[in-house]
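Colleague: Attaching a single structure in structure tokens format; questions to follow.
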Amino acid sequence: MPNTIQTGNPLREGLTGRSQPEPCSLVIFGASGDLTHRKLVPALYNLSADGALPPAINVVGFARRDKTDESFRKELGEATRKYSRQPVVDALWESFASSICYHRSEFDNLAGYESLARLLAELDATRGTCGNRLFYLAAAPDQFEVILENLNRSGLNKPVAGGWSRVIVEKPFGTDLPSARHLNDLVEGAFPEKETYRIDHYLGKETAQNIMVLRFANALFEAMWNARYIDHVQITASEPLGVENRAGYYDKSGALRDMVQNHLLQLLCLTAMEPPTGLDADAIRDEKVKVLRSLRPLEGDEVFRHVIRAQYGAGAVNGKRVVAYRDEANVDPESTTETYVALQINVDNWRWAGVPFFVRVGKRLPKAGTEIAVHFKSVPPVLFKATGEAVDDNVLVIRIQPDEGVSLRMSAKMPGSSLRIEPVKMDFHYGTSFGKATPEAYERLLLDAMSGDPTLFARRDEVEEAWKFVDAIRAAWSTRSDDLAFYSAGTWGPTEAEELIKRHGTTWRRL
Amino acid sequence: MEAAVNEPGLPVEIGRIDEELGKLWESGGDTKTRASLINLVIYSEDPGSMDANTELLSSIASRHAFRAILILADPGARESGARAWISAHCHLAGNGGQQVCSEQITFRLDGESAAALPNIVFSHLDSDLPLCFWSQAEFREPLDDQLWSWVDRLIFDSRTWKKPSGQFTLTDRIAALADPGAELCDLNWTRLRSWRLALASLFDHSAALPCLAEISSVRIECGSDSKTTAFLLVGWLASRLGWSLVRPLTTTCFQGSDGRQIEFSTSPAEGEGIASIKLGGGNFSFSLARSPDSPFFHAVLHAPGMPDSTLTLGTGRESVADTLLAELGRSGRHPLYREALAAVEPLIRAM
């Protein structure tokens, strides 16, 4: 079959409100891993069942273990039945599974990539995938380098016959700025930036995408979205879980690198950015980078004044006793890794001058929740002062997960003959109004990568600017360790974090 | 209309509906949250429709919150009368088990009271929310300009119309009453989405794509009530591929922009809707078929440059509730529908 490239199927026009994924071969490096089984293949199956994938698609698992196509399909089938958002229909699974195959190779074996190239060419010829290749680096981060090198050496990174060749890189994108630059250089050596998709699954969440809609499609909010009306912003990501089976990675990483460098700074960017000139990927990412460049650097003693790091001790979560972080399996008993971090971040630009962003993230906190809370300034204490009534400030809360939605706290008069003012809440829940069957973040992100839409993926300069900010904090931390605070598992973090926000005359929100 | 109506909720005086709804929310002691994204009016003249519509509303409430105004009218009844009931469709949402409810106000309008339809609708809308009006009865003249100009999305099912030509004329007039006028949401078209997706996907293959320019025959098998459905499907192909109908309509034939003739024919099949479509030309043939109630399409592809293949493709969910939800869940205009309809308008006029 001639490998002519599809130039646009007119029957696809207008069928969905988004760009269409193109026929392609998706090669997953690290196909035996959790991510493939729990997220990637269930997401692909759901897309297939919804008719969102082109029939001409191949899923090639690349990993070291010895497996056959059949055994690989079988284990993926079992995992998909367990983790799929919608029930698996046997006939549809069989049809989808026929596009899956397994390619066994060591990551450092060039011959394995050369045989992969032959396999892909054969699949292009038999299944009409047009030479389009999407390489998904779902292996351990320390394997990225060798995989990228071998993709380069084998020529798989080069598009064939006018097709495209893209790479999806899973976080972490390095462990600091130099390693991120090194990784980015490696990626850039193999794939151009426009074909590089750095995945941050937070950006695939509906509520994260809704931040821009909420801000820029509602004149009510945008008009007040500045230092004149906003007192401060709190961004929280809390979870009751401990390190679970990620201790090996987490003990080296810590909360700052695991969550703040990527997810929370992304949320901050979406909250703080200026309106983009358009909805194309670079217009949005340009604005996010401007925010990152406006972050007031935290260096030296400033770090100890504006950043609190802490580690959980023994305590109780959900009524069960849990051990201290240092007693977790595979954690260094003398570890100084932070499981909690709270920061005061200032965005030094015209819009946000004088408005602190308080960011906190922690493990073994009382409940799971990720949210952005915009606290508006108080009304002048004039009118209701004589009544002795305290008037609470307005707070707009964007809940990212769980219970995705938006709420607005405002003041109202309590019914009765006297003037009593109470806070009331207007609440919008996605689940209440739209039901729960929203696609998983990975479904959206895989489709976007197949469609060539990088909007929800991090660009190189975003990643590096975020590392620059985070590295300065870590550099200060490396000079001493006596600032590491402790908190009991199941509480809302150390008292030092309370003191941090108290200096601004406020308290952390109760989730 | 003599059929007995099951009580579809708590009977209320029409003038006290808001008050009684307020009591409904306060009753029971447990906390309920009222949710609503739209006003959904369902108008029917079929005496047997009330239970089915109530069940339908119940099944969609958890996925698209609404205030429903369900109206069963019998304009021809000798005795006039208007009755109303209120009810709520509640479900547990989230891990906290919060009860979330959508409201339903049901009316039965007999005889002259049926003419009160505009007032019934206007006086019971949830303010500021879009008005989606699903007319399960055929439209008739004279049209009430004020009522129809308030409608944001006009839902109907052209497959159920006895005289599609006249009905399409009326829906066009309704859409032109305001600027922007009601968006026309034809469930007959909505149901075709899975066919269109599946057909489009057959041509994603690089070797299959050139076949689009060689199609010389389109054969559709459809249920006896589904000729309009078949016309809409071929209308979509024609509008996407630049075909125009050849006049006069002695034989049903399209002409491609390159002058190529494309024969179009329909033949009867069992069941409702489309059963199969076959596209042929040059030395390729593609067929897409679906057995009644099957959740899959079976596609058979034969074209030069690609191996002969059979595919199983998902159809998505296609119950009445799913079709309605698909329509409610999408906003904006339906330009493809308009273009498909325009491409086969002479065929529809001739029905």
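Chains as they are written, first to last, in our numbering: chain A, 214 to 724; chain B, 2 to 352. Where a beta carbon is used, it is the ideal one built from N, C-alpha and C, also for glycine. Here the structure is a predicted model, which is why all the values come from computation and not from measurement.
(1) Use the C-beta contact count for LYS501 (chain A): other C-beta atoms within 10 angstroms, 16 or more gives buried, fewer gives exposed.
(2) By DSSP, does ASP661 (chain A) sit in helix, in strand, or in coil?
(3) For the pair the region 378-396 of chain A and the region 265-283 of chain A, tell me if three or more CB-CB distances fall below 8 angstroms.
(4) Can you name the residues of chain B whose CB is closer than 8 angstroms to the CB of PRO223 (chain A)?
(5) Establish whether the CB of GLY317 (chain B) and some CB of chain A are separated by less than 8 angstroms.
(6) Which residues in the same chain as VAL619 (chain A) place their Cβ atom closer than 6 angstroms to its Cβ, once the five residues preceding and following it in sequence are excluded?
(7) Exposed or buried, THR692 (chain A), counting other C-beta atoms within 10 Å across all chains shown (16 or more means buried)?
(8) Which value, in whole angstroms, describes the spacing of the CA atoms of TRP705 (chain A) and TRP196 (chain B)?
(9) Closer than 9 angstroms, Cβ to Cβ, to anything on chain A: give me those residues from the region 15-44 of chain B, in chain order.
(10) Exposed or buried, which one is GLN727 (chain A) when buried takes at least 16 other CB atoms within 10 Å?
(11) In angstroms, rounded to a whole number, what distance separates the CA positions of LEU348 (chain B) and PHE298 (chain B)?
(12) For ASP205 (chain B), would you say it is in contact with chain A, using Cβ-to-Cβ distances shorter than 8 angstroms as the test?
(13) Which runs of the beta strand (DSSP E) fall wholly inside the region 425-504 of chain A and span at least 3 residues, in chain order?
(14) Would you mind reading off the limits of the alpha helix (DSSP H) that contains TYR410 (chain A)?
(15) Looking at C-alpha atoms only, which residue of B:ARG17, B:ARG64, B:LEU118, B:PRO131 is the closest neighbour of ILE87 (chain B)?
(16) ALA83 (chain B) and CYS102 (chain B): beta carbons closer than 8 angstroms?
(17) Can you give me the C-alpha to C-alpha distance between ASP247 (chain A) and GLU487 (chain A), rounded to a whole angstrom?
(18) Does chain B have any CB closer than 8 angstroms to the CB of THR550 (chain A)?
(19) Are any of the Cβ atoms in chain B nearer than 8 angstroms to that of GLY455 (chain A)?
(20) For my contact list, ASP464 (chain A) and THR388 (chain A) are in at a C-beta cut-off of 8 angstroms; report their separation, rounded to the angstrom.
(21) Give every residue of the same chain whose Cβ lies closer than 6 angstroms to the Cβ of ALA4 (chain B), excluding the five residues on either side of it in the sequence, and list them in chain order.
(22) To test your reading of the DSSP string, which unbroken alpha helix (DSSP H) runs of 4 or more residues are found completely within the region 538-567 of chain A?
(23) Listed from N- to C-terminal order along the chain, which residues in the region 215-249 of chain B have their beta-carbon within a distance smaller than 9 angstroms of any beta-carbon of chain A?
(24) Let me check understanding here. Comparing Cα to Cα, which of A:SER261, A:LEU224, A:LYS280, A:SER245 lies closest to LEU659 (chain A)?
(25) Taking PRO336 (chain B) as the query, report the chain A residues whose CB atoms sit under 7 angstroms from its CB, ordered along the chain.
(26) Any contact between the region 464-481 of chain A and the region 590-605 of chain A? By contact I mean 3 or more CB pairs, one from each, below 8 angstroms.
(27) Please state whether the Cβ-Cβ distance between HIS206 (chain B) and PRO236 (chain A) is less than 8 angstroms.
(28) So, helix, strand or coil for ASN345 (chain A), using DSSP?
(29) So, helix, strand or coil for TRP149 (chain B), using DSSP?
(30) Examine the Cβ distances between the region 504-520 of chain A and the region 580-588 of chain A and report whether three or more of them are shorter than 8 angstroms.
(31) Is ASP263 (chain A) close to chain B, meaning its C-beta is less than 8 angstroms from at least one C-beta of that chain?
(32) Is SER288 (chain B) close to chain A, meaning its C-beta is less than 8 angstroms from at least one C-beta of that chain?
(33) So what does DSSP say about LEU193 (chain B), is it helix, strand or coil?
(34) Alpha carbon to alpha carbon, how far is ALA338 (chain A) from MET214 (chain A)? Give it in angstroms, no decimals.
(35) Under a three-way DSSP split, which group does ALA702 (chain A) fall into?
(36) Starting from the beta carbon of VAL272 (chain A), find every residue of chain B whose beta carbon is closer than 8 angstroms, and list them in chain order.
Modeller: If we stick to the structure as given:
(1) So LYS501 (chain A) counts as buried.
(2) Here ASP661 (chain A) sits in helix by DSSP.
(3) Between the region 378-396 of chain A and the region 265-283 of chain A there are fewer than three inter-stretch CB-CB distances shorter than 8 angstroms, so the stretches are not counted as touching.
(4) Residues of chain B passing the Cβ test: LEU213, ARG241, LEU242.
(5) Output row for GLY317 (chain B): interface = yes.
(6) Cβ neighbours of VAL619 (chain A) beyond the five flanking positions: ILE611, PHE641.
(7) Looking at its Cβ environment, which holds fewer than 16 other Cβ atoms inside 10 Å, THR692 (chain A) is exposed.
(8) In a straight line, the C-alpha of TRP705 (chain A) is about 53 angstroms away from that of TRP196 (chain B).
(9) Hits within the stretch, in order: THR34, ALA36, SER37, LEU38.
(10) This structure does not reach residue 727 (chain A), given that chain A is present from 214 up to 724, and the question cannot be answered.
(11) Just so you know, the alpha carbons of LEU348 (chain B) and PHE298 (chain B) end up roughly 27 angstroms apart.
(12) With 8 angstroms as the cut-off, ASP205 (chain B) counts as an interface residue toward chain A.
(13) DSSP runs (the beta strand (DSSP E)) wholly in the region 425-504 of chain A: 443-452.
(14) For TYR410 (chain A), no alpha helix (DSSP H) segment is defined; the enclosing uninterrupted segment is the beta strand (DSSP E) at 409-412.
(15) Nearest of B:ARG17, B:ARG64, B:LEU118, B:PRO131 to ILE87 (chain B), Cα basis: B:ARG17.
(16) No, the Cβ-Cβ distance between ALA83 (chain B) and CYS102 (chain B) is not below 8 angstroms.
(17) Here the alpha carbons of GLU487 (chain A) and ASP247 (chain A) stand approximately 38 angstroms from one another.
(18) No, THR550 (chain A) does not count as interfacial toward chain B.
(19) For GLY455 (chain A), no Cβ of chain B is located within less than 8 angstroms of the residue's own Cβ.
(20) Wrong, their Cβ atoms sit about 13 angstroms apart, outside the cutoff.
(21) Confidence is the limiting factor: at ALA4 (chain B) the pLDDT is only 39, short of 50, which leaves the residue's position unreliable and the question unanswerable from this model.
(22) Whole alpha helix (DSSP H) segments, 4+ residues: zero.
(23) Those would be TRP237, LEU238, ARG241, LEU242, GLY243, in chain order.
(24) When only C-alpha atoms are compared, the closest one is A:SER261.
(25) For PRO336 (chain B), the chain A residues whose Cβ falls inside 7 angstroms of its Cβ are GLY227, in order along the chain.
(26) By the C-beta criterion, the region 464-481 of chain A is judged not to be in contact with the region 590-605 of chain A, since fewer than 3 inter-stretch pairs fall below 8 angstroms.
(27) Going by beta carbons, HIS206 (chain B) and PRO236 (chain A) fall inside the 8 angstroms limit.
(28) Looking at ASN345 (chain A) - three-state DSSP - the assignment turns out to be coil, as it is neither helix nor strand.
(29) The three-state reading of DSSP puts TRP149 (chain B) in helix, counting H, G and I together.
(30) The region 504-520 of chain A is not in contact with the region 580-588 of chain A.
(31) Taking Cβ atoms only, chain B reaches closer than 8 angstroms to ASP263 (chain A), which makes this a yes.
(32) By this cut-off, SER288 (chain B) is not an interface position.
(33) DSSP places LEU193 (chain B) in coil when its eight states are reduced to three.
(34) Its pLDDT being 31, under 50, MET214 (chain A) is placed unreliably by the model, and the measurement read from it follows with that caveat. Taking the Cα positions, MET214 (chain A) is about 6 angstroms away from ALA338 (chain A).
(35) Looking at ALA702 (chain A) - three-state DSSP - the assignment turns out to be coil, as it is neither helix nor strand.
(36) Neighbourhood of VAL272 (chain A) in chain B, by CB distance below 8 angstroms: empty, with the nearest CB roughly 16 angstroms away.
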